[in-house]
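*Asks:* Quick note, the sequence shown lines up with residues -9 to 138 if you use our numbering.
Glycine included, each C-beta is placed from N, C-alpha and C at the ideal position.
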Amino acid sequence: MIWDVSYKIGVKQIDKQHQEFFNILLKLENSLKRGTVTEHTGIAIKNLVDYTKTHLKDEETFMKLINYPDIENHKIAHQGLINKVKEILNVLKTGEKFTTSNLIQILQDWIIKHILTEDIKLHKFYSDYLDQNNKTESNDEEIEIVIL
Ligand SMILES: [Fe+2]
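1. Given a cut-off of 8 Å, decide if W100 and L79 are closer than it, judged by their beta-carbon atoms.
2. Tell me the DSSP secondary structure of I(-8) in three-state form.
3. In this structure, does DSSP put Y(-3) in helix, strand or coil?
4. I102 and Y(-3) look like a contact to me (Cβ under 8 Å); what is the Cβ gap, rounded to whole Å?
5. Between the C-alpha atoms of L120 and H113, what's the straight-line distance to the nearest angstrom?
6. Is it right to say S21 is buried, meaning 16 or more other beta carbons lie within 10 angstroms of its own, or is it exposed?
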């Protein structure tokens, strides 16, 4: 599954991270498709776990910074992603036979739904925030780089 322009929420750094997230998932999917869990798979899983943590933390920092009002519910939703990643890790650790593509598919479906229903709300709020604080386009980029 590749990131698609329809998943764009309009906040540059978050969109960039979402794209990277899809890349990492694709690498893991390709690695798991080879059938055996190798060192390569281990690296792909570690990348997924690390990137999930980094991305969610950055998104939550961003929400705090713009005083996004629905941050607590959004954080609860993020916990759902962490649980899904843990689920994958546990299945891999037990070495059980499982349909890897199903697990990756569940994760991808979750992320796409989350982006399109929750993350997308950040754009509208962020645009209003920039207007209220008289931020210009160039300031906009600076802020995003500093906070994420
Ligand atoms: Fe999110």
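*Replies:* Here's the rundown:
1. Position 89 of the sequence shown, counted from the first residue, corresponds to residue 79. Position 110 of the sequence shown, counted from the first residue, corresponds to residue 100. Not in contact: L79 and W100 (Cβ atoms no closer than 8 Å).
2. As a first step, residue -8 is located in the sequence shown; it is residue number 2 there, counting from the start. Coil.
3. Numbered from 1 along the sequence shown, position 7 holds the residue referred to as residue -3. Of the three classes helix, strand and coil, the one that applies to Y(-3) here is helix, per DSSP.
4. Locating residue 102 in the sequence shown gives position 112, counting from the first residue. Locating residue -3 in the sequence shown gives position 7, counting from the first residue. Right, their Cβ atoms sit about 6 Å apart.
5. Against the sequence shown, residue 120 aligns to sequence position 130. Against the sequence shown, residue 113 aligns to sequence position 123. Going by the C-alpha atoms only, they are around 10 Å apart.
6. As a working mapping, residue 21 is identified with position 31 in the sequence shown. Classification for S21: buried.
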